[in-house]
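Start counting the sequence shown at 1; every next residue gets the next number (the UniProt record's numbering).
A virtual CB, placed ideally from N, CA and C, is assigned to each residue, including glycine.
See below for the structure under consideration.
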Amino acid sequence: LTLLKNDGSVVYAEALWDHVTMDDQELGFKAGDVIEVVDATNKEWWWGRIMDSEGWFPASFVRLRVNQDEPMEEYLAHLEEAQAGEEDQAALGLLLGPGLPCKEQMRTNVINEIMSTERDYIKHLKDICEGYIKQCRKRTDMFTEEQLRTIFGNIEEIYRFQRKFLKGLEKKFNKEQPHLSEIGCCFLEHQTDFQIYSEYCNNHPNACVQLSKLMKVNKYVFFFEACRLLQKMIDISLDGFLLTPVQKICKYPLQLAELLKYTNPQHRDYKDVEAALNAMKNVARLINERKRRLENIDKIAQWQSSIEDWEGEDVLSRSSDLIFSGELTKLSQPQAKSQQRMFFLFDHQMVYCKKDLLRRDMLYYKGRVDMDHMEVMDVEDGKEKDFNISVKNALKLRSLAGDEVHLLCAKKPEQKQRWLRAFADERRQVQHDRETGQTHTHTHTHTHTKTLDGTCSMGGT
Numbered sequence: 001l002t003l004l005k006n007d008g009s010v011v012y013a014e015a016l017w018d019h020v021t022m023d024d025q026e027l028g029f030k031a032g033d034v035i036e037v038v039d040a041t042n043k044e045w046w047w048g049r050i051m052d053s054e055g056w057f058p059a060s061f062v063r064l065r066v067n068q069d070e071p072m073e074e075y076l077a078h079l080e081e082a083q084a085g086e087e088d089q090a091a092l093g094l095l096l097g098p099g100l101p102c103k104e105q106m107r108t109n110v111i112n113e114i115m116s117t118e119r120d121y122i123k124h125l126k127d128i129c130e131g132y133i134k135q136c137r138k139r140t141d142m143f144t145e146e147q148l149r150t151i152f153g154n155i156e157e158i159y160r161f162q163r164k165f166l167k168g169l170e171k172k173f174n175k176e177q178p179h180l181s182e183i184g185c186c187f188l189e190h191q192t193d194f195q196i197y198s199e200y201c202n203n204h205p206n207a208c209v210q211l212s213k214l215m216k217v218n219k220y221v222f223f224f225e226a227c228r229l230l231q232k233m234i235d236i237s238l239d240g241f242l243l244t245p246v247q248k249i250c251k252y253p254l255q256l257a258e259l260l261k262y263t264n265p266q267h268r269d270y271k272d273v274e275a276a277l278n279a280m281k282n283v284a285r286l287i288n289e290r291k292r293r294l295e296n297i298d299k300i301a302q303w304q305s306s307i308e309d310w311e312g313e314d315v316l317s318r319s320s321d322l323i324f325s326g327e328l329t330k331l332s333q334p335q336a337k338s339q340q341r342m343f344f345l346f347d348h349q350m351v352y353c354k355k356d357l358l359r360r361d362m363l364y365y366k367g368r369v370d371m372d373h374m375e376v377m378d379v380e381d382g383k384e385k386d387f388n389i390s391v392k393n394a395l396k397l398r399s400l401a402g403d404e405v406h407l408l409c410a411k412k413p414e415q416k417q418r419w420l421r422a423f424a425d426e427r428r429q430v431q432h433d434r435e436t437g438q439t440h441t442h443t444h445t446h447t448h449t450k451t452l453d454g455t456c457s458m459g460g461t
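Right under this line is the structure:
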């Protein structure tokens, strides 16, 4: 990376995970976004650019774009030139190789790449398990089992699974005619097994923190380097090796997309590859969603600890996602007294707080609304019959089971529309969670402290 930057090259990275942030110094993005890396001198935080936005982002959330797709694009460019002007047939023949139609040759190339990278990956996992974990377990004076579990996660389980997966691929691989290989079924057969990567990816930030602490002590630096040399591994630090499974699970959909592109619809493997691509996209999406939820749980706990005069159950007892937040004017029956409040819409519930008059960053808990038993209603500008007042940019929350009614007014029409979309998003998310079996009965026992200014990253938007 440094060599590329020094050479004046523009370096791009692809986001592996969503980076949710409320900090205006950080660059937020979604999985799959392409980021121009401007500055990578800091090992853990890079400075990047997406369109007109710039900011810091965690290096572990991205992977540098690999060049594997470039030969494909070069090939297609040559192919188009050759088809446009038939005088270039000799060059086209060199690209395709002898005897195979172009699409079959490209399918051969993709199949060979999948098999090659899979074998390399197995060796990589073996090196980590035998070169590092095995040696670490011998040194009980240096490592506890808990430390090893944090650093390496469930990588041994992944290694066992990947060996089984590779055996299945080898059986379906046609060595003499790779383009005839039918490997789509292997991905379909193991699509649920790939979900073990979720645990690894969720743990990876903790692994980086634990490893970073140990690497400040010379004896650990020397020990890990000795492990690498004894196993005859390439000159990459341990944290680099441990990032590979995260990158691997994100690479499968890219490889399958390339394979599908060069598979004729009449090919016996076509339907399986098409289904495998969708399956692996879903696996990556599920892992990303679980990771995002886990990060949100910690942020919500920190946010709640910053709220003064909290009452009732923790937000995390029912919710795991902050969907939207902002300031609204609230009127509730029977008093119908106008109040400025900060509202935080989570799945299943909405919490509202009062800002401190002097310290505007300090919030006081004032109540919550159970969204599972509320109907959201759009209110037209003009006279509102329940409250008998004239309103503008208003919406209403009415209890499905009782007399509870809240009238909420935004400052601008676009803010009201954004809130209406947020309420619809909340109901969709709750329904999706029910359908996929994701229930949120979290018990969060971590101790959280406020930041020096009393704020946290879950502030209002």
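Please report the distance separating the alpha-carbon of residue i from that of residue j.
| i | j | result |
| --- | --- | --- |
| Arg-399 | Lys-281 | For the record, residue 399 in the displayed sequence is Ser; it is not Arg. Rounded to the nearest angstrom, the two C-alpha atoms are 39 Å apart. |
| Lys-216 | Asn-296 | 29 Å |
| Ile-158 | Glu-199 | 10 Å |
| Ala-424 | Phe-224 | 51 Å |
| Glu-73 | Gly-55 | Because Glu-73 carries a pLDDT of 43, less than 50, the predicted location of this residue cannot be relied on, and no value is offered for it. |
| Leu-420 | Gln-429 | 14 Å |
| Lys-213 | Lys-134 | 21 Å |
| Leu-328 | Gln-415 | 9 Å |
| Ser-53 | Met-350 | 31 Å |
| Leu-345 | Ala-410 | 15 Å |
| Pro-71 | Asn-109 | At Pro-71, the pLDDT of 38 sits below 50, so the modelled position is not reliable and the matter cannot be decided from this model. |
| Ile-307 | Phe-241 | 40 Å |
| Cys-185 | Leu-286 | 20 Å |
| Gln-333 | Glu-156 | 59 Å |
| His-124 | Ile-114 | 15 Å |
| Met-51 | Leu-180 | 42 Å |
| Gly-402 | Trp-310 | 25 Å |
| Leu-256 | Asp-269 | 12 Å |
| His-204 | Gln-339 | 44 Å |
| Phe-387 | Lys-354 | 22 Å |
| Thr-150 | Leu-407 | 48 Å |
| Thr-140 | Leu-188 | 41 Å |
| Val-369 | Gln-431 | 18 Å |
| Leu-79 | Gln-105 | Low confidence applies to Leu-79: its pLDDT is 39, below 50, so where it sits in the model is not reliable enough to give any reading. |
| Phe-161 | Lys-175 | 23 Å |
Which residues in the same chain have their Cβ closer than 7 Å to the Cβ of residue i, if we skip the five residues on either side of it in sequence?
| i | result |
| --- | --- |
| Gly-367 | Tyr-352 |
| Lys-103 | Tyr-262 and Asn-264 |
| Asp-127 | Gln-231 and Met-233 |
| Met-371 | His-348, Gln-349, Met-350 and Glu-426 |
| Glu-26 | Gly-55, Trp-56 and Phe-57 |
| Pro-245 | Ile-155, Ile-158, Tyr-197 and Tyr-200 |
| Ala-15 | Phe-29, Lys-30, Ala-31, Gly-32, Asp-33, Ile-35, Phe-61 and Val-62 |
Between which two residues does the alpha helix (DSSP H) holding residue i run?
| i | result |
| --- | --- |
| Leu-243 | 238-261 |
| Ile-155 | 155-172 |
| Val-209 | 196-214 |
| Gly-312 | From DSSP, Gly-312 is part of no alpha helix (DSSP H); its letter is neither H nor E. |
| Lys-219 | 218-230 |
| Glu-182 | Segment: none, Glu-182 is in no alpha helix (DSSP H) and carries neither H nor E. |
Excluding five sequence neighbours on each side, which residues of the same chain lie with their C-beta closer than 6 Å to the C-beta of residue i?
| i | result |
| --- | --- |
| Asp-18 | Lys-30, Ala-31 and Arg-292 |
| Leu-64 | Ala-13 |
| Cys-152 | One point to set straight first is that residue 152 is Phe, not Cys, in the sequence displayed. Counting only Cβ-Cβ distances below 6 Å, and skipping sequence neighbours, we find Ile-133. |
| Val-20 | none |
| Cys-136 | Phe-143 and Leu-148 |
| Ala-90 | Unreliable positioning characterises Ala-90 in this predicted model, as indicated by a pLDDT of 42, which lies under 50. A coordinate reading is not provided. |
| Glu-87 | Note that Glu-87 scores a pLDDT of 41, beneath 50, so its modelled location is shaky and nothing firm can be said. |
| Phe-324 | Leu-345 and Ala-422 |
| Leu-166 | Glu-118 and Ile-122 |
Taking the beta strand (DSSP E) that residue i falls in, what are its first and last residues?
| i | result |
| --- | --- |
| Gln-340 | 339-346 |
| Glu-36 | 34-39 |
In terms of DSSP beta bridges, what is residue i paired with?
| i | result |
| --- | --- |
| Arg-63 | Glu-14 |
| Glu-327 | Met-342 |
| Pro-58 | Trp-45 |
| Glu-26 | Trp-56 |
| Met-280 | According to DSSP, which records beta bridges pairwise, Met-280 is partnered with nothing at all. |
| Leu-322 | Phe-346 |
| residue 501 | Residue 501 lies beyond the range of the chain shown here (1 to 461); nothing can be said about it. |
| Lys-291 | According to DSSP, which records beta bridges pairwise, Lys-291 is partnered with nothing at all. |
| Lys-355 | Leu-363 |
| Ser-317 | Bridge partners of Ser-317: none, in fact. |
| Ser-332 | His-406 |
| Ile-50 | Ser-53 |
Using a Cβ-Cβ cutoff of less than 8 Å, which residues in the same chain neighbour residue i once the five nearest sequence positions on both sides are dropped?
| i | result |
| --- | --- |
| Lys-412 | Asn-393 |
Exercise for the section: Could I get the ranges of all uninterrupted beta strand (DSSP E) runs contained in the stretch 363-413, with 3 residues as the minimum, in chain order? Expected result: 363-370, 374-379, 382-384, 389-391, 394-399 and 405-409
Practice task
Could you name each continuous beta strand (DSSP E) segment of 3 residues or more that falls completely within the stretch 100-159, going from the start of the chain to the end?
Solution key: none
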